[in-house]
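J.:
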Amino acid sequence: MLKTTPLNQAHRDMNAKMVDFGGWDMPLHYGSQLDEHHKVRQDAGMFDVSHMLVVDIQGEHVRNFLRQLVANNVDKLTVSGKALYTCMLNPDGGIIDDLIIYFLSETWFRLVVNAGTADKDIAWITLQRDKSAPDFDIKPRRDLAMIAVQGPNARTKVWQVIPGTQAVTENLKQFQSTAFDQYFIARTGYTGEDGFEIILPASDAVDFWKKLHTAGVAPAGLGARDTLRLEAGMNLYGQDMDETTNPLESGLAWTVDLKSERDFIGKQALLQTPIKRQLAGLLLLDKGVLRSHQKVITQHDQNEGEGEITSGGFSPTINQSIALARIPVEVTVGEDVHVLVRDKKLAAKVVKYPFVRNGQILV
Numbered sequence: 001m002l003k004t005t006p007l008n009q010a011h012r013d014m015n016a017k018m019v020d021f022g023g024w025d026m027p028l029h030y031g032s033q034l035d036e037h038h039k040v041r042q043d044a045g046m047f048d049v050s051h052m053l054v055v056d057i058q059g060e061h062v063r064n065f066l067r068q069l070v071a072n073n074v075d076k077l078t079v080s081g082k083a084l085y086t087c088m089l090n091p092d093g094g095i096i097d098d099l100i101i102y103f104l105s106e107t108w109f110r111l112v113v114n115a116g117t118a119d120k121d122i123a124w125i126t127l128q129r130d131k132s133a134p135d136f137d138i139k140p141r142r143d144l145a146m147i148a149v150q151g152p153n154a155r156t157k158v159w160q161v162i163p164g165t166q167a168v169t170e171n172l173k174q175f176q177s178t179a180f181d182q183y184f185i186a187r188t189g190y191t192g193e194d195g196f197e198i199i200l201p202a203s204d205a206v207d208f209w210k211k212l213h214t215a216g217v218a219p220a221g222l223g224a225r226d227t228l229r230l231e232a233g234m235n236l237y238g239q240d241m242d243e244t245t246n247p248l249e250s251g252l253a254w255t256v257d258l259k260s261e262r263d264f265i266g267k268q269a270l271l272q273t274p275i276k277r278q279l280a281g282l283l284l285l286d287k288g289v290l291r292s293h294q295k296v297i298t299q300h301d302q303n304e305g306e307g308e309i310t311s312g313g314f315s316p317t318i319n320q321s322i323a324l325a326r327i328p329v330e331v332t333v334g335e336d337v338h339v340l341v342r343d344k345k346l347a348a349k350v351v352k353y354p355f356v357r358n359g360q361i362l363v
């Protein structure tokens with residue numbers, strides 16, 4: 001039996017094509033993945049991301065605990081509502097999950113973790129808490145839903161649907177959040193466009209979804225979410241990184257604090273492991289489509305095909321195939337490489353990602 005979000009019937013009422021996504025019954029698209037992609041880039045679209053799990057950690061000593069639990073430094077969180085993107089590592093430096101941490105108070109931090117790793121994450125966090133035995137609660141919040149509204153007109157649409165929110169959210173910067181009535185509104189997202197991710201009671205999700213639709217926000221499914229995040233150069237857990245890869249070889253060095261004296265799980269492994277690979281962008285020059293697991297051949301390979309595409313696909317905005325690939329660290333932006341596609345070597349160029357951000361093509 002597949003798990004369902006509170007919006008499952010609403011998706012079906014909108015004629016969504018539903019698919020099994022890591023054990024969740026989720027919408028792939030509502031008729032046209034391409035239209036949904038362009039709607040987000042040009043106007044506003046909404047995504048049901050209620051399969052992701054909100055976890056509230058409340059009590060004393062939470063900050064000290066998170067200092068050791070995650071690779072980024074929660075001491076950066078000093079203002080209530082500020083968010084931090086980070087990875088949670090195992091002792092070998094492998095990525096258990098990538099997540100967002102919101103600072104609400106010294107006794108309340110809110111985590112948002114990936115759906116596919118949620119059970120594993122809770123078990124790991126609980127294990128680490130029990131080792132150190134501090135007095136705080138770990139509360140998975142399946143009573144909450146989450147809807148992402150993304151696009152250049154996304155914030156304006158939300159202000160129309162929730163009167164009074166403009167005054168409290170207009171000046172929110174990226175990675176800041178605030179509470180308004182039953183809504184927890186964060187200026188975050190997974191598309192490379194402006195907008196909000198809104199956490200609200202599950203019982204209110206359908207009504208809010210319908211009001212957004214009435215205001216002209218287009219429903220968008222997993223298909224558009226993937227092409228949008230790929231254009232934005234955003235990692236997908238299980239493809240671009242997992243427990244066998246470390247953040248320094250996954251384009252996530254900026255989420256790791258190795259400068260402070262603070263120790264965290266996986267730090268020693270990161271300091272002791274030579275960096276041999278990097279995550280880079282690829283732009284296909286020949287005709288074809290780049291896909292995950294295709295081999296990438298560079299002039300720096302010790303063995304031909306040492307590199308590998310982690311995420312690839314056709315970019316609707318650029319009208320060209322793009323990819324993220326893990327390749328030798330010696331490769332530089334602008335170099336030509338080849339990708340092995342159905343036994344053919346197709347030419348591609350190494351580029352700096354993101355490929356698209358805020359509607360602008362950057363490559």
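Those letters in the sequence shown? Residues 1 to 363, per the numbering used here, in order.
Using N, Cα and C, we set each Cβ at its ideal position, and we do this for glycine too.
Identify, in the order they occur along the chain, each residue of the same chain with its Cβ nearer than 6 Å to the Cβ of Met-241, setting aside the five sequence neighbours on each side.
T.: Ile-95, Asn-235, Ser-250
J.: Determine, using beta carbons only, whether Leu-77 and Leu-69 come nearer to each other than 7 Å.
T.: Leu-69 is positioned such that its CB atom lies no closer than 7 Å to that of Leu-77.
J.: Are there 16 or more other CB atoms within 10 angstroms of the CB of Met-46, so buried, or fewer, so exposed?
T.: buried
J.: Go through its chain and collect everything with a Cβ distance to Ser-105's Cβ below 7 Å, but skip five positions before and after it.
T.: Ser-80
J.: Tell me Gly-59's beta-bridge partners as DSSP assigns them.
T.: Phe-136
J.: Could you have a look at Glu-308 and say whether DSSP puts it in helix, strand or coil?
T.: strand
J.: Does the distance from the CB of Ala-16 to the CB of Tyr-30 come in under 7 Å?
T.: Less than 7 Å divides the Cβ of Ala-16 from the Cβ of Tyr-30.
J.: Could you say which of Asp-343, Tyr-102, Phe-65 lies nearest to Ala-133 if we only look at CA atoms?
T.: Phe-65
J.: Please classify Ile-57 as buried or exposed, where buried requires at least 16 other C-beta atoms within 10 Å of its C-beta.
T.: buried
J.: Please look up how many angstroms separate the CB atoms of Pro-219 and Met-52, rounded, as I've assumed it's under 8 Å.
T.: Not really, about 17 Å apart at Cβ, beyond 8 Å.
J.: Assuming contact is defined by CB atoms lying nearer than 7 Å, are Leu-290 and Ile-318 in contact in what I supplied?
T.: no
J.: Would DSSP call Val-217 helix, strand or coil?
T.: coil
J.: CA-CA distance, Met-146 and Ser-50?
T.: 5 Å
J.: For Asp-286 and Arg-142, I'd like the C-alpha separation in whole angstroms.
T.: 46 Å
J.: What residues are listed by DSSP as bridge partners for Met-52?
T.: BP columns for Met-52 are empty, so no partner.
J.: Tell me, to the nearest whole angstrom, how far the beta carbon of Val-341 is from that of Gln-294; I am working on the premise that it is less than 8 Å.
T.: 6 Å
J.: Measuring straight from C-alpha to C-alpha, what distance separates Val-62 and Thr-107?
T.: 6 Å
J.: Can you say whether Asn-171 is buried or exposed, counting buried as having 16 or more other CB atoms within 10 angstroms of its CB?
T.: exposed
J.: Which two residues bound the contiguous beta strand (DSSP E) that contains Val-350?
T.: Secondary structure note for Val-350: its beta strand (DSSP E) is the uninterrupted segment 344-351.
J.: Going by the CB atoms, is the gap between Gly-195 and Ala-154 shorter than 7 Å?
T.: yes
J.: May I ask you to report which of helix, strand or coil DSSP gives Lys-17?
T.: strand
J.: Taking the alpha-carbon positions, what's the Ala-407 to Glu-193 distance?
T.: Residue 407 lies beyond the stretch modelled for the chain, which goes from 1 to 363, so this question has no answer here.
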